[in-house]
Amino acid sequence: MTGAIPALSRRLLLPALAAICFGAITVFTSAPALARGPDGIADVAEKVIDAVVNISTSQTVEAKGPGADGGGAIPRLPPGSPFEEFFDDFFKNHRGPGAGPNRNGEKNSEVPPRKTNSLGSGFIVDTSGIVVTNNHVIADADEINVIMNDGSKFKAELVGVDKRTDLAVLKFKPTKPLVAVKFGDSDKLRLGEWVIAIGNPFSLGGTVTAGIVSARNRDIASGPYDNYIQTDAAINRGNSGGPLFNLDGEVIGVNTLIISPSGGSIGIGFAVPSKTVVGVVDQLRQFGELRRGWLGVRIQQVTDEIAESLNIKPARGALIAGVEDKGPAKPAGIEPGDVVVKFDGKDIKEPKDLSRVVADTAVGKEVDVVIIRKGAEETRKVTLGKLEDTTKPVPASVKKDEPAEKPVTQKALGLDLASLNKDLRSRYKIKDSVKGVIITNVDGSSDAAEKRLSAGDVIVEVAQEAVSNAGDVKKRLDQLKKDGKNSVLLLVSNPEGELRFVALKVQ
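Residue numbering for the sequence shown follows the working numbering, beginning at -5 and increasing consecutively.
Listed below in structure tokens is the structure:
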């Protein structure tokens, strides 16, 4: 028959069609299951949700006039926005005293203080009423309230804050049994591991989002102890201070900040790892403050050029750029130019490693510090001091683009060099304690310009030997060229006396 399928062909074709249909069914049923992620997310959320709280704060601030930042400014919306009419009505007709024309078109003259409110997140770590959150959530607040998942509200007191890690500890008196969560080990996190964020984004309390660990030990240059967990779990405004959980229901981080051009989540969020949080919380509860170890040095990166100048292979460690006169490192014999490669038994690969390990070491503890000095390893014993939470005043700006009036005595490395005298000290506002050879001009196309040397900087040492005049610099450079060196290490001071090392190519 025309168009009929032979019996043999039917027997071969039917299994093939069945296989295709079965495959299609498999595809359509399995994809949504994979998109949901692990089944344990719901169990974890149900287990810990009552330990996650909203943090509500209020602060009295001085009101500002119309158009000022935060005072009478009206949010600007794109033309045609569905919320445009609502915002126009609300802000133009309900702005209150001092916010421009009122409903009758009359100008308000009084600008009384006003109260501002903000919301964040936190979590209970002790059933006695101890809560962990971010410092920026409660900073400068006149009143702090903890709002439970069931809506009950409690006034909270501040136990202590640590601005360097942006953490804060609160306490309140509960009137009923509480649920508390435990910390997990953030060091055991793996890339791609599932994590859960719970918090109060945009005042939507009890919001659960999930994602993975995108990166660990992330340094985003926000502070001296950056060591963030990066996650793509949705984190938005209001999530700050909330917990990041693993699938065991343990807190492995505190959600702190996001990177976003829009203000909303784009899948790049950061959490302070639990290893850091545990130490900070323990000290805040015990002392009300952080007692970090202090070495009393300024450090910088060991670049490949600096490593070559110091005969260090491979480039590693933290280069000592300066030593505090009253710091613990001074009596231990640690000097500028030393490179710390091990501290208290822990390897130091870069400056951040040293900052973190020193901060985590107990005040008053005597530790072994392994340094490299002139190519050889030495061990120094240092008794750590306590890091004071003070902000060093920023030195006044110094004009460094003024032409030098005195004759330049030498040219080297793209630099015009002169011996320091009274006139040059006065012109560049150089402290009397700074000794060396002053830079009066920098060739814009030179390696020195790329390394940000500028007029007014003072060369203190060349290849770890002190120099007092321009001739000393030239003599040291000539010797290095004869020795076949490709770079020279300079110890440079700014007018305020702050030191740093700069490696330049020998030309």
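C-beta: ideal position from N, C-alpha, C; glycine also.
DSSP bridge partner residues for residue i (one or two, in chain order)
{"i": "F337", "result": "K340, V363"}
{"i": "E137", "result": "S52"}
{"i": "N129", "result": "Note: N129 sits in no beta bridge, so no partner."}
{"i": "D410", "result": "K405, N435"}
{"i": "E151", "result": "K165"}
{"i": "G327", "result": "Partner(s): none; G327 has no beta bridge."}
{"i": "A370", "result": "R367"}
{"i": "D226", "result": "Partner(s): none; D226 has no beta bridge."}
{"i": "I306", "result": "Answer is none; I306 lacks a bridge partner."}
Enclosing beta strand (DSSP E) for residue i [first to last residue]
{"i": "P237", "result": "237 to 239"}
{"i": "P267", "result": "263 to 267"}
{"i": "E455", "result": "452 to 456"}
{"i": "G507", "result": "One cannot answer for residue 507 here, as it falls past the ends of the chain, which runs -5 to 501."}
{"i": "R494", "result": "493 to 499"}
Contacting residues, own chain, Cβ-Cβ under 6 Å from residue i (five flanking each side not counted)
{"i": "G369", "result": "N305"}
{"i": "L471", "result": "A406"}
{"i": "T385", "result": "Summary for T385: the model assigns pLDDT 41, below 50, so the residue's position carries little reliability; its value from the coordinates is reported in the next sentence. None."}
{"i": "L284", "result": "D156, Q277"}
{"i": "K359", "result": "L378"}
{"i": "V496", "result": "K445, L484, V486"}
{"i": "S254", "result": "I260"}
Cβ neighbours of residue i in the same chain (closer than 7 Å, five flanking residues each side left out)
{"i": "V153", "result": "V163, L164, K165, L278, R279, G282"}
{"i": "N139", "result": "S50, K147, F148, K149, A150"}
{"i": "G232", "result": "L113, G114, S115, G193, N194, P195, F196, S197"}
{"i": "D437", "result": "G408, A443"}
{"i": "T250", "result": "N128, D160, S234, F264, A265, V266"}
Start-to-end residues for the alpha helix (DSSP H) that takes in residue i
{"i": "S303", "result": "298 to 303"}
{"i": "S420", "result": "416 to 422"}
{"i": "V42", "result": "34 to 42"}
{"i": "L289", "result": "Run containing L289: none; DSSP gives neither H nor E here."}
{"i": "I485", "result": "The displayed chain sequence assigns Leu, not Ile, to residue 485. No alpha helix (DSSP H) holds L485; the beta strand (DSSP E) holding it covers 481 to 487."}
{"i": "R350", "result": "345 to 354"}
{"i": "R184", "result": "Where R184 is concerned, there is no enclosing alpha helix (DSSP H), given that its DSSP letter is neither H nor E."}
Environment of residue i [buried if 16+ CB atoms lie within 10 Å]
{"i": "D298", "result": "exposed"}
{"i": "E459", "result": "exposed"}
{"i": "E372", "result": "exposed"}
{"i": "A301", "result": "buried"}
{"i": "R184", "result": "exposed"}
{"i": "S259", "result": "buried"}
{"i": "I214", "result": "exposed"}
{"i": "N230", "result": "buried"}
Own chain partners of residue i with C-beta closer than 8 Å, once the 5 adjacent residues on each side are dropped
{"i": "W288", "result": "G321, P322, V352, V357, L378, G379, K380, L381, E382"}
{"i": "I293", "result": "A312, L313, I314, A315, V334, P345, L348, S349"}
{"i": "K41", "result": "G243"}
{"i": "I43", "result": "N143, I192, G200, V202"}
{"i": "V502", "result": "This structure cannot settle anything about residue 502, because the visible part of the chain is limited to -5 through 501."}
CB contact below 8 Å: residue i versus chain C
{"i": "D354", "result": "No chain C appears in this structure, which consists of one protein chain only."}
Rounded distance between the beta-carbons of residue j and residue i, thought under 8 Å
{"i": "S180", "j": "S115", "result": "No, S180 and S115 are not in contact; Cβ-Cβ is about 18 Å, not under 8 Å."}
{"i": "L483", "j": "S303", "result": "4 Å"}
{"i": "F264", "j": "Y222", "result": "4 Å"}
{"i": "R374", "j": "A326", "result": "5 Å"}
{"i": "P330", "j": "K425", "result": "Going by Cβ atoms, the distance from P330 to K425 rounds to 17 Å, so no, they are not a contact pair."}
Heavy atom of the ligand SAM within 7 Å of residue i beta-carbon
{"i": "A174", "result": "Here there are no bound small molecules, and the ligand SAM is not part of this structure."}
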